[in-house]
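Undergrad: Numbering (our numbering), first residue to last: 950 to 1756. Quick reminder that beta carbons are idealized off the backbone N, C-alpha and C, glycines included. Quick caveat: nothing in here was measured; it's all calculated off a predicted structure.
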Ligand code: 26Q
């Protein structure tokens, strides 16, 4: 085995890479493939993470610091090699070392498969938070599932989305350490023995949760935390015993469940399907995590009363909400607490983040199914609900975690949490007024806001070297990377024409790079002088990609009527996946692709309008698109987008926003200034009022000739040839229009034309873009984590863990 090396010079790194290639991979340089080199570099980099990782653990337990446990069904981490290299400050050394070995660094980086263990915003937020907690030196564990297959790959077949399986673990994962000593048997189904205080659960089947640890390294390697992902393993020996007792079916079922439980990520990010396997996944990873947390606490030998001072558990939405019942169970069964003590203590440990108000996305399980899978926990939930009622005698009658035969996970999570937070100021206020209205009245201190943030290490420093180089030079160092507020110090330079030219040159550089990539991958080459207009996110009716494509059709139509007018050249870029079962979202994808085909083949559009929809939008694609965007589309129906985080990434990288007053757009606009943000559309209150207007969509269509033309173009088969193809979309739009696409259309269209005019004055545009960059420092996920420490985890006294680090 090679000696773990820690040297950071190109020469030392090259030596480690060569050693790993030889001794860990067993390959000779002349015969090594790109993937062999990637593995060798990854292992060499990994060696350099291990020391800070150990030191962080020593500091945490030596100082008896409070630990955060971030429980999440999803961690959308993407590629890990570049992140680690960058955070360790090894980028130049790695490039040079590989060059000396005859290997191209960028090719190695891009060879890595993405860890797409998430659907979208919620999962990516968890990844940004892990990185920020490591950067800030907050002792933290991430807990999730080690899915064998992450989010599906998307391709287009004649414009329609086709999903194929993704297998990120096909080749060895150099970032994980298997921990055979950390394993828990997780049971499902079966029956309860005894009543009264002492109950024993005899599960019908069980699966071993086996731990895999991934180190998460912070900026400049000052601190490292652990992301522990659970994988299902068959119970083996236990099975044999059952088999010998003649319980063949139970034995076999357990084995097949073990193989299934961590196999795939549910690709749905909204509609709650109520599937049995999903509930089992939730319980599986949550129960293993809670037991792991409690085992570690017990090993410290402290009194159980100390638990809330040492342990905070953060539930990322309700997917891990069963943590409350499991924690109570462990406190009863393993720590000998009485029920009331256990239930009261749980509230001091647990917290819950809500990410959506959409009624169809609020988790609820049929009581019967719940009891079948988790009989003991169903009993506990009834007692927790009753305990909450006893503690809050004024609780309204209909307020209960179990209602109309359903277990409401949001209500349950709220009752068991010390703090409940929304993810933007607007969303938090709406939580108080809508879904949690009654609970908020009962617990007015419980709901707090923590506006989302994004890690500047990945989303600015490493995604956009052209811009970050300019910032570093302007500010005389890289201090801004973990003190993002310092971006405001570039503001005085924006008035300097020479400086602004360089800012513009960075954007142009990124647009050329994107154009070249699109040429290589899709054979389509947008003009870097055109306005790059970007909408990247999951496809959802409320996010209104439909509004964008309708406006695209209207613009195309307008150009055709008068081709010689002075049109502002535009490239419309879409990226995003639809849930496989979300038929309407899939029709929207089909329509965008049909429109793209017509527009891109129309000779009149050359140099004027282009529509690009690269398939399989993911973290790596986001890294290419975001630095090249001029315009960021954040056009959801007001009140529907909890926060958004792509909006922050785009604005930080100097894209101006066209957006509604929704989610974090509101705060982005306050920070960058209303004059540097293109606001349109109805507010939350106006949306409410408009919904009550009979035939609101038809009225809006009748008042807007451009919209009515665009709809008839779709209805006449202009896109795809078949007039019936989009019949359902048109029906939804004209007869239902739940998301008020029609009513916001005219304002959206005229705002887009204002943007054209504004982009015509390129100098002023760049000035506005640079002001966006300068004023977005607050949206660093470092700030969000500090807010969590202060408002949720009560860790303000603990300060920065890095300072307490031993050695
Ligand atoms: C639930 C039950 C069964 C199957 C799937 C799900 C499920 C899975 C994922 C429900 C929701 C999600 C993901 C939600 C999500 O990503 N929400 C987004 O969270 C971001 C981070 O806070 C916000 O910025 C976005 O506004 C919000 O839409």
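What first and last residue would you give for the alpha helix (DSSP H) that runs through residue 925?
TA: Residue 925 lies beyond the stretch modelled for the chain, which goes from 950 to 1756, so this question has no answer here.
Undergrad: So what's residue 1517 in DSSP terms, helix, strand or just coil?
TA: DSSP places residue 1517 in coil when its eight states are reduced to three.
Undergrad: When the Cα atoms are used, what is the spatial distance from residue 1126 to residue 1007?
TA: Straight-line Cα distance between these residues: approximately 19 Å.
Undergrad: In chain order, which beta strand (DSSP E) runs of at least 3 residues are fully inside the stretch 1013 to 1065?
TA: Those beta strand (DSSP E) runs which fall completely within the stretch 1013 to 1065 and span 3+ residues are 1016 to 1020, 1024 to 1027.
Undergrad: Compute the Euclidean distance between the alpha carbons of residue 1403 and residue 1266, then round it to the nearest angstrom.
TA: Rounded to whole angstroms, residue 1403 to residue 1266 spans 18 Å at the Cα level.
Undergrad: Determine whether the beta carbon atoms of residue 1315 and residue 1355 lie at a separation below 9 Å.
TA: The answer is yes: Cβ separation under 9 Å.
Undergrad: Do residue 1031 and residue 1058 count as a contact pair if the criterion is CB distance below 9 Å?
TA: Their beta carbons are under 9 Å apart, which means residue 1058 touches residue 1031 by this criterion.
Undergrad: Could you tell me whether any non-hydrogen atom of ligand 1 is closer than 8 Å to the CB of residue 1401?
TA: Yes, ligand 1 has a heavy atom inside 8 Å of this Cβ.
Undergrad: Quick check: what's the CA-CA separation for residue 1111 versus residue 1547?
TA: If you take the alpha carbons of residue 1111 and residue 1547, they lie about 21 Å apart.
Undergrad: Taking just the CA atoms, how far does residue 979 sit from residue 965?
TA: Going from the Cα of residue 965 to the Cα of residue 979 covers about 17 Å.
Undergrad: DSSP on residue 1385, reduced to helix/strand/coil?
TA: If DSSP states are grouped into helix, strand and coil, residue 1385 belongs with coil.
Undergrad: Would you kindly work out how many angstroms separate the C-alpha atoms of residue 1717 and residue 1625, rounded to a whole number?
TA: One C-alpha to the other measures close to 5 Å.
Undergrad: Only counting the same chain, and skipping five residues up and downstream in sequence, which positions put a Cβ closer than 8 Å to that of residue 1379?
TA: Hits under 8 Å: 1306, 1371, 1588, 1633.
Undergrad: Thinking C-beta only, is residue 1217 closer than 9 Å to residue 1530?
TA: Against a cut-off of 9 Å, the Cβ pair of residue 1217 and residue 1530 comes out as a contact.
Undergrad: Taking 8 Å as the cut-off, is the beta-carbon of residue 1069 closer than that to any non-hydrogen atom of ligand 1?
TA: Answer for residue 1069: yes, Cβ within range of ligand 1.
Undergrad: Rounded to whole angstroms, what's the CA-CA distance from residue 1113 to residue 1618? Just pull it up for me.
TA: If you take the alpha carbons of residue 1113 and residue 1618, they lie about 39 Å apart.
Undergrad: Could you pull the start and end residues of the alpha helix (DSSP H) that residue 1463 belongs to?
TA: It spans 1446 to 1471 - the alpha helix (DSSP H) in which residue 1463 sits, taken as one unbroken run.
Undergrad: For residue 1565 and residue 1012, what's the separation of their Cα atoms in angstroms?
TA: Cα-Cα distance, rounded: 45 Å.
Undergrad: Report the residue ranges of all alpha helix (DSSP H) runs contained in full by the stretch 1382 to 1438; include only those spanning at least 4 residues, in chain order.
TA: Within the stretch 1382 to 1438, the complete alpha helix (DSSP H) runs of at least 4 residues are 1386 to 1391, 1414 to 1424.
Undergrad: Tell me, please, whether the stretch 1027 to 1045 touches the stretch 989 to 996 by the rule of three or more beta-carbon pairs shorter than 8 Å.
TA: Verdict: yes, contact present.
Undergrad: I believe residue 1614 touches residue 1596 by the beta-carbon criterion, under 8 Å. Please report the beta-carbon distance rounded to the nearest angstrom.
TA: About 6 Å separates the two Cβ atoms, so the contact holds.
Undergrad: Considering only their Cβ atoms, is the gap separating residue 1434 from residue 1729 smaller than 9 Å?
TA: Closer than 9 Å, so yes.
Undergrad: Rounded to the nearest angstrom, what separates residue 1516 and residue 1438 at their Cα positions?
TA: Rounded to whole angstroms, residue 1516 to residue 1438 spans 36 Å at the Cα level.
Undergrad: For ligand 1, any of its heavy atoms closer than 8 Å to the Cβ of residue 1387?
TA: The answer is no for residue 1387.
Undergrad: Out of 1500, 1480, 1201, which has the shortest C-alpha to C-alpha gap to residue 1577?
TA: For the residues 1500, 1480, 1201, the minimum Cα distance to residue 1577 belongs to 1480.
Undergrad: Could you check whether residue 1605 and residue 1629 sit closer than 9 Å to each other, using their CB atoms as the reference points?
TA: No, the Cβ-Cβ distance between residue 1629 and residue 1605 is not below 9 Å.
Undergrad: Report back the beta-carbon spacing between residue 1520 and residue 1545 to the nearest angstrom; my notes put them in contact at under 8 Å.
TA: Not a contact, Cβ separation roughly 11 Å.
Undergrad: Residue range of the beta strand (DSSP E) that residue 1782 falls in?
TA: As displayed, the chain neither begins before 950 nor continues past 1756, which places residue 1782 out of reach and without an answer.
Undergrad: Can you find a heavy atom of ligand 1 that lies under 8 Å from the Cβ of residue 987?
TA: Checking every heavy atom of ligand 1 against the Cβ of residue 987, none is found closer than 8 Å.
Undergrad: I want to know whether the stretch 1691 to 1703 touches the stretch 1486 to 1504 - three or more CB-CB distances under 8 Å.
TA: Touching, yes.
Undergrad: Using 8 Å as the cut-off, classify the Cβ of residue 1668 as near or not near the heavy atoms of ligand 3, replying yes or no.
TA: No copy of ligand 3 occurs in the structure displayed; its ligands are ligand 1 alone.
Undergrad: Here's the rule I'm using: 16 or more other beta-carbon atoms within 10 Å means buried, otherwise exposed. How should residue 1436 be labelled?
TA: Residue 1436 is buried by the Cβ-count criterion.
Undergrad: If you compare alpha carbons, which of 1104, 1066, 960 is closest to residue 1049?
TA: The shortest C-alpha separation from residue 1049 is found at 960.
Undergrad: At 3 residues or longer, and completely inside the stretch 1127 to 1192: list those beta strand (DSSP E) runs for me, N to C.
TA: The stretch 1127 to 1192 contains these whole beta strand (DSSP E) runs: 1140 to 1142, 1149 to 1151, 1154 to 1166, 1173 to 1182.
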